[in-house]
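In what follows, a structure is listed as structure tokens, so that the remarks can point back to it.
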Amino acid sequence: MAAAAVAAPPVALTLAFVVEVVAGLRVPPPAPAPPALTPPPSPAAAGPRAVIVMPAHDEGPIIAATVARLLPELPAGFELLVVADNCRDDTAAIAEAAGATVVRRDDPTRRGKGYALAHARDSLAARAPESRPAVVMVLDADGATDRASLAAMAARATERPVQAVNLLAPDLTAAPMVQVSNFAFVIKNLVRQTGLARLAGRANLTGTGMAFPWPIFRDAPLATADIVEDLALGLDLARRGALPGFVREATVWSAASNAAGTLQQRTRWEGGFLATSLRRALPAMASALRRGDARDGWAGLSLAIPPLTLLLMVDLAALLVAALLVLAGASAWPAAVLAVAMAAAAVALLVAWRRVGRAFLSPGAAARLPLYVLWKIPLYLKLLGGRPTAWLRAR
Numbered sequence: 116m117a118a119a120a121v122a123a124p125p126v127a128l129t130l131a132f133v134v135e136v137v138a139g140l141r142v143p144p145p146a147p148a149p150p151a152l153t154p155p156p157s158p159a160a161a162g163p164r165a166v167i168v169m170p171a172h173d174e175g176p177i178i179a180a181t182v183a184r185l186l187p188e189l190p191a192g193f194e195l196l197v198v199a200d201n202c203r204d205d206t207a208a209i210a211e212a213a214g215a216t217v218v219r220r221d222d223p224t225r226r227g228k229g230y231a232l233a234h235a236r237d238s239l240a241a242r243a244p245e246s247r248p249a250v251v252m253v254l255d256a257d258g259a260t261d262r263a264s265l266a267a268m269a270a271r272a273t274e275r276p277v278q279a280v281n282l283l284a285p286d287l288t289a290a291p292m293v294q295v296s297n298f299a300f301v302i303k304n305l306v307r308q309t310g311l312a313r314l315a316g317r318a319n320l321t322g323t324g325m326a327f328p329w330p331i332f333r334d335a336p337l338a339t340a341d342i343v344e345d346l347a348l349g350l351d352l353a354r355r356g357a358l359p360g361f362v363r364e365a366t367v368w369s370a371a372s373n374a375a376g377t378l379q380q381r382t383r384w385e386g387g388f389l390a391t392s393l394r395r396a397l398p399a400m401a402s403a404l405r406r407g408d409a410r411d412g413w414a415g416l417s418l419a420i421p422p423l424t425l426l427l428m429v430d431l432a433a434l435l436v437a438a439l440l441v442l443a444g445a446s447a448w449p450a451a452v453l454a455v456a457m458a459a460a461a462v463a464l465l466v467a468w469r470r471v472g473r474a475f476l477s478p479g480a481a482a483r484l485p486l487y488v489l490w491k492i493p494l495y496l497k498l499l500g501g502r503p504t505a506w507l508r509a510r
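Counting from 116, one number per residue, gives the positions in the sequence shown under the numbering used here.
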């Protein structure tokens, strides 16, 4: 019984991971490739009036290039609204000179993206009714996308929130730790999102590449310092009946950080994710079980799956404990089942790498996965001392 108790939770989470990855690969995802900087505009039918909200905190060095790259891609009826949020540099002036509409927010006591989005919402609500958008999108200040993706998001976001595929630009010359992290991003934001959409009929919001119908954006609980405000927002909207959809034909790209910046980003996101998961996953599954709602139940189970590296660490630790219990006379079945689940996860990851991951992760970098696990140990030790609770700027 002791061995079964040790092995059962990681077996359940690992098999759920495998099922979601397999479901995400049943329909081949689009081949990832960052958009050209300034592709020629393609003809597009007029869609809903949309505003792209771009929070920007001290983004002076990059905001001009971002705006210049994005403006030629805007379909008819689109507007770019930059929120210069608690800026100590000339982000606002640069964005205005580049052609964006700019609003400024100066409130150092309330820091974070959620407050910037709430400020943009208030600015849009103050407009005359005929000037308000039908759809509001959110794109990070280092983000890039294309006209077809914007049009697809706007068309799908007239009735429900939606999330585009959110990827980091591949770079096979980057440090191996960065490449492995970028591949994990592909698994989370492309493969598992596709699987979640197939199995639960919804997606998780990931912070950039989000789009909302104006009434939902207007009433959403945006003004928060939650460091994973995007994930929490999606869960809150789903609880209200506005399930976020997944737009696989739309992609947004961001530049990957260096090794130090990647570790900082993972600390921020994984700490917030784990706290949200521990707080919400089990209640979501229990509620779905009471209602007999399999799709909501899967959404709760998916939320319980830890980040890829942590899942691997948990599996290895549980397998070691189960093996020691076998030596002490316990049944070998729990350890064997866990080993099979881990092997299935490894095969699923290999298939995912062959289909969509080779542009993000070189074979040489993949061979250093054990070093990546060691590289992440300080992150989890830091989280044991308490997750980040304040807004954190990642580079």
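No residue lacks a Cβ here, since even glycine has one placed at the ideal position from N, Cα and C.
- request: Taking only the alpha-carbon atoms, compute the straight-line gap between E194 and V121 and give it to the nearest angstrom.
  value: If you number the sequence shown from 1, residue 194 lands on position 79. If you number the sequence shown from 1, residue 121 lands on position 6. Distance between the alpha carbons of E194 and V121: 54 Å.
message: Using CA atoms only, rank isn't needed, just tell me which of T181, V217, P163 is closest to E245.
response: Looking up residue 245 in the sequence shown gives position 130. For the residues T181, V217, P163, the minimum Cα distance to E245 belongs to P163.
Beta-carbon separation (whole angstroms), A460 vs F132, contact threshold 8 Å: For the purposes of this step, residue 460 is taken as the residue at position 345 of the sequence shown. For the purposes of this step, residue 132 is taken as the residue at position 17 of the sequence shown. Confirmed, Cβ separation roughly 6 Å.
P176, DSSP secondary structure in three states: Position 61 of the sequence shown holds residue 176. Helix.
- request: Quick one: which unbroken alpha helix (DSSP H) runs of 4-plus residues sit fully inside the stretch 350-437? Chain order, please.
  value: Counting whole runs of 4 or more residues, the stretch 350-437 contains the alpha helix (DSSP H) stretches 374-406, 409-419.
message: Distance check for A272 and W413, CA to CA, integer angstroms please.
response: Your numbering for residue 413 matches position 298 in the sequence shown. Your numbering for residue 272 matches position 157 in the sequence shown. Looking at the two C-alpha atoms, the distance is approximately 23 Å.
- prompt: Using the beta-carbon count (16 or more within 10 Å), is M116 buried or exposed?
  reply: Start at 1 with the first residue of the sequence shown, and residue 116 comes out as number 1. Counting Cβ neighbours within 10 Å, M116 comes out exposed, since fewer than 16 surround it.
Beta bridge counterpart(s) of M252 as assigned by DSSP: Start at 1 with the first residue of the sequence shown, and residue 252 comes out as number 137. Under DSSP, M252 takes part in a beta bridge, and its partners are I167, A326.
- request: Compute the Euclidean distance between the alpha carbons of P156 and P190, then round it to the nearest angstrom.
  value: One-based indexing of the sequence shown puts residue 156 at position 41. One-based indexing of the sequence shown puts residue 190 at position 75. Note that P156 scores 49 on pLDDT, short of 50, meaning its location in the model is unreliable; the coordinates nonetheless yield the value given after this. Taking the straight line from one Cα to the other gives about 9 Å.
- prompt: If R394 and P359 are in contact, beta carbons under 8 Å, what's the gap, nearest whole angstrom?
  reply: As a position in the sequence shown, residue 394 is number 279, starting the count at 1. As a position in the sequence shown, residue 359 is number 244, starting the count at 1. Incorrect: roughly 19 Å between the Cβ atoms, too far for contact.
- request: Report the rounded CA-to-CA distance for M325 versus P248, giving the unit in angstroms.
  value: For the purposes of this step, residue 325 is taken as residue 210 along the sequence shown, with counting starting at 1. For the purposes of this step, residue 248 is taken as residue 133 along the sequence shown, with counting starting at 1. C-alpha separation (whole angstroms): 15 Å.
message: Under DSSP, the beta strand (DSSP E) around D200 begins and ends at which residues?
response: Mapped onto the sequence shown, residue 200 falls at position 85. Residues 193-200.
message: Please report the straight-line C-alpha distance between F388 and V168, rounded to a whole angstrom.
response: As a first step, residue 388 is located in the sequence shown; it is residue number 273 there, counting from the start. As a first step, residue 168 is located in the sequence shown; it is residue number 53 there, counting from the start. Going from the Cα of F388 to the Cα of V168 covers about 24 Å.
query: Since V429 contacts G310 with CB under 8 Å, what's their CB separation in whole angstroms?
result: Start at 1 with the first residue of the sequence shown, and residue 429 comes out as number 314. Start at 1 with the first residue of the sequence shown, and residue 310 comes out as number 195. In this structure V429 does not touch G310 by the C-beta definition: roughly 20 Å separates them, more than the 8 Å allowed.
query: Mapping DSSP to helix, strand and coil, what is R307?
result: As a working mapping, residue 307 is identified with position 192 in the sequence shown. Three-state result, R307: helix.
message: Just to confirm, is the Cβ distance from A396 to L418 under 8 Å?
response: Stepping through the sequence shown from its first residue, residue 396 is reached at position 281. Stepping through the sequence shown from its first residue, residue 418 is reached at position 303. Contact: yes.
message: Going by the DSSP bridge assignment, what does R220 pair with across the sheet?
response: Your numbering for residue 220 matches position 105 in the sequence shown. D200, per the DSSP bridge assignment.
Cβ neighbours of D257 in the same chain (closer than 7 Å, five flanking residues each side left out): Locating residue 257 in the sequence shown gives position 142, where the first residue counts as 1. Result list for D257: I177, T181, S369, A370, in chain order.
- request: Would you kindly report the start and end of the unbroken alpha helix (DSSP H) that includes V136?
  value: The count along the sequence shown starts at 1 and reaches residue 136 at position 21. Element bounds for V136: 117-141.
- request: Take Q308 as the anchor and find which of P328, L337, V293, A365 has the nearest alpha-carbon.
  value: What you label residue 308 is simply residue 193 of the sequence shown in a count that begins at 1. Residue A365 is the option with its Cα nearest to Q308.
field: Buried/exposed call for A138, threshold 16 Cβ in 10 Å
entry: Numbered from its first residue, the sequence shown carries residue 138 at position 23. By the neighbour-count rule (16 or more Cβ atoms within 10 Å), A138 is buried.
field: Through-space distance from L348 to W329, alpha-carbon basis
entry: On the sequence shown, position 214 is the one that residue 329 refers to. On the sequence shown, position 233 is the one that residue 348 refers to. Those two C-alpha atoms are separated by around 15 Å.
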